[in-house]
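**Student:** Just dropping this structure here.
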Amino acid sequence: MKHEIIIKRDPFKAEEYQKKGDNLGNVWIIGPGGVRIKNPDYRIEIFLSKNGLIGLGTELIRLAYSFKEGKHSHIYPISKDEVCQAMGIFLTPDSNELIICCDNLGTLDDYVK
204 MKHEIIIKRD PFKAEEYQKK GDNLGNVWII GPGGVRIKNP DYRIEIFLSK
254 NGLIGLGTEL IRLAYSFKEG KHSHIYPISK DEVCQAMGIF LTPDSNELII
304 CCDNLGTLDD YVK
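Note that my numbering has the sequence shown beginning at 204, numbered continuously upward.
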(Lines of atoms letter the chains of each structure in order from A and count residues from 1; the text may use other names and numbers.)
(Lines give C-alpha, C1' and ligand atoms only; values in the text may rest on other atoms or scores of the structure.)
Protein backbone atom coordinates (compact mmCIF):
# COMPACT_ATOMS: atom_id res chain seq x y z
CA MET A 1 0.00 0.00 0.00
CA LYS A 2 1.35 3.40 -0.95
CA HIS A 3 0.65 6.58 1.02
CA GLU A 4 1.64 9.98 -0.27
CA ILE A 5 1.87 12.92 2.06
CA ILE A 6 2.26 16.50 0.93
CA ILE A 7 4.16 18.60 3.43
CA LYS A 8 3.36 22.27 3.01
CA ARG A 9 6.20 24.75 3.31
CA ASP A 10 4.14 27.22 5.35
CA PRO A 11 4.06 25.91 8.94
CA PHE A 12 1.43 28.48 9.91
CA LYS A 13 -1.32 27.10 7.67
CA ALA A 14 -3.54 24.46 9.27
CA GLU A 15 -2.74 20.92 8.18
CA GLU A 16 -5.33 18.17 7.75
CA TYR A 17 -4.04 16.30 10.82
CA GLN A 18 -4.62 19.37 13.03
CA LYS A 19 -8.32 19.84 12.34
CA LYS A 20 -9.73 17.43 14.98
CA GLY A 21 -7.38 18.52 17.77
CA ASP A 22 -6.31 14.92 18.35
CA ASN A 23 -2.65 15.41 17.41
CA LEU A 24 -1.51 14.90 21.01
CA GLY A 25 1.58 13.55 22.69
CA ASN A 26 2.45 12.55 26.24
CA VAL A 27 6.06 12.45 27.48
CA TRP A 28 7.07 10.61 30.63
CA ILE A 29 10.29 10.02 32.51
CA ILE A 30 10.44 6.44 33.73
CA GLY A 31 12.71 5.67 36.67
CA PRO A 32 13.94 2.45 38.24
CA GLY A 33 11.25 -0.19 38.62
CA GLY A 34 9.14 1.40 35.89
CA VAL A 35 8.01 4.24 38.17
CA ARG A 36 6.84 7.37 36.38
CA ILE A 37 8.71 10.45 37.59
CA LYS A 38 6.47 13.50 37.43
CA ASN A 39 8.52 16.57 38.22
CA PRO A 40 8.11 19.91 36.42
CA ASP A 41 11.82 20.61 37.03
CA TYR A 42 12.82 17.73 34.71
CA ARG A 43 12.98 18.13 30.95
CA ILE A 44 13.49 15.85 27.98
CA GLU A 45 15.97 16.82 25.26
CA ILE A 46 16.17 14.95 21.99
CA PHE A 47 19.07 15.78 19.68
CA LEU A 48 18.84 14.49 16.11
CA SER A 49 20.98 14.98 13.03
CA LYS A 50 19.26 16.07 9.83
CA ASN A 51 19.10 12.48 8.58
CA GLY A 52 18.11 11.36 12.07
CA LEU A 53 15.10 13.69 11.83
CA ILE A 54 14.26 12.32 8.38
CA GLY A 55 14.72 8.71 9.52
CA LEU A 56 12.66 9.01 12.68
CA GLY A 57 10.04 11.15 10.95
CA THR A 58 9.65 8.62 8.15
CA GLU A 59 9.29 5.74 10.59
CA LEU A 60 6.80 7.69 12.71
CA ILE A 61 4.67 8.28 9.60
CA ARG A 62 4.85 4.55 8.80
CA LEU A 63 3.85 3.78 12.38
CA ALA A 64 0.91 6.19 12.12
CA TYR A 65 -0.41 4.34 9.07
CA SER A 66 -0.22 1.03 10.94
CA PHE A 67 -1.49 2.58 14.22
CA LYS A 68 -2.75 0.13 16.79
CA GLU A 69 -3.29 1.22 20.37
CA GLY A 70 -0.64 -0.35 22.59
CA LYS A 71 1.81 -0.92 19.74
CA HIS A 72 5.28 0.26 20.73
CA SER A 73 8.90 0.25 19.65
CA HIS A 74 12.02 0.31 21.82
CA ILE A 75 15.08 2.18 20.60
CA TYR A 76 18.23 1.17 22.46
CA PRO A 77 21.57 2.99 22.50
CA ILE A 78 24.30 1.43 20.39
CA SER A 79 27.45 -0.05 21.91
CA LYS A 80 30.71 -1.37 20.48
CA ASP A 81 29.27 -4.88 20.82
CA GLU A 82 25.79 -4.19 19.49
CA VAL A 83 24.71 -1.74 16.81
CA CYS A 84 21.00 -1.74 16.12
CA GLN A 85 18.95 0.78 14.19
CA ALA A 86 15.32 1.17 15.23
CA MET A 87 12.67 3.62 14.03
CA GLY A 88 15.10 5.03 11.45
CA ILE A 89 17.82 6.11 13.89
CA PHE A 90 20.81 4.90 15.86
CA LEU A 91 20.94 6.21 19.44
CA THR A 92 24.42 7.22 20.59
CA PRO A 93 25.93 5.23 23.49
CA ASP A 94 25.29 8.02 26.03
CA SER A 95 21.55 8.04 25.23
CA ASN A 96 18.74 6.59 27.30
CA GLU A 97 16.40 4.01 25.85
CA LEU A 98 13.53 5.64 23.97
CA ILE A 99 10.14 3.94 23.75
CA ILE A 100 7.62 5.14 21.16
CA CYS A 101 4.04 4.10 22.05
CA CYS A 102 0.75 4.32 20.15
CA ASP A 103 -2.09 5.52 22.36
CA ASN A 104 -5.43 7.24 21.91
CA LEU A 105 -5.06 10.37 24.02
CA GLY A 106 -8.43 11.94 23.20
CA THR A 107 -8.60 15.50 21.94
CA LEU A 108 -7.23 18.84 23.01
CA ASP A 109 -10.61 19.74 24.50
CA ASP A 110 -10.25 16.85 26.97
CA TYR A 111 -7.26 18.62 28.50
CA VAL A 112 -8.13 22.31 28.33
CA LYS A 113 -11.82 22.44 29.21
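Ideal Cβ placement from N, Cα and C applies to all residues, glycine included.
Consult DSSP for Pro243 and reduce its assignment to one of helix, strand or coil.
**Tutor:** It is coil, neither helix nor strand.
**Student:** What is the rounded straight-line gap between the Cα of Pro280 and the Cα of Pro296?
**Tutor:** Rounded to the nearest angstrom, the two C-alpha atoms are 5 Å apart.
**Student:** Does the Cβ of Leu259 have 16 or more other Cβ atoms within 10 Å, making it buried, or fewer, making it exposed?
**Tutor:** Result: buried.
**Student:** Out of Asp213, Asp284, Ser282, Met290, which one is the CA nearest neighbour of His275?
**Tutor:** Nearest of Asp213, Asp284, Ser282, Met290 to His275, Cα basis: Met290.
**Student:** Sort out for me which residues DSSP pairs Leu294 with in a bridge.
**Tutor:** BP columns for Leu294 point to Pro280.
**Student:** Quick one, which of His206, Lys271, Asp284 has its alpha-carbon nearest Ile303's?
**Tutor:** The shortest C-alpha separation from Ile303 is found at Lys271.
**Student:** Comparing alpha-carbon positions, which option in Asn307, Ser252, Asn299, Gln288 lies nearest Gly234?
**Tutor:** Nearest of Asn307, Ser252, Asn299, Gln288 to Gly234, Cα basis: Asn299.
**Student:** Is it true that the CB of Ile278 sits closer than 7 Å to the CB of Leu256?
**Tutor:** Cβ distance not < 7 Å, so Leu256 and Ile278 don't count as in contact.
**Student:** Consult DSSP for Ala267 and reduce its assignment to one of helix, strand or coil.
**Tutor:** Helix, per DSSP.
**Student:** To the nearest angstrom, how far is it from the Cα of Asn226 to the Cα of Ser282?
**Tutor:** Approximately 34 Å between the Cα atoms of the pair.
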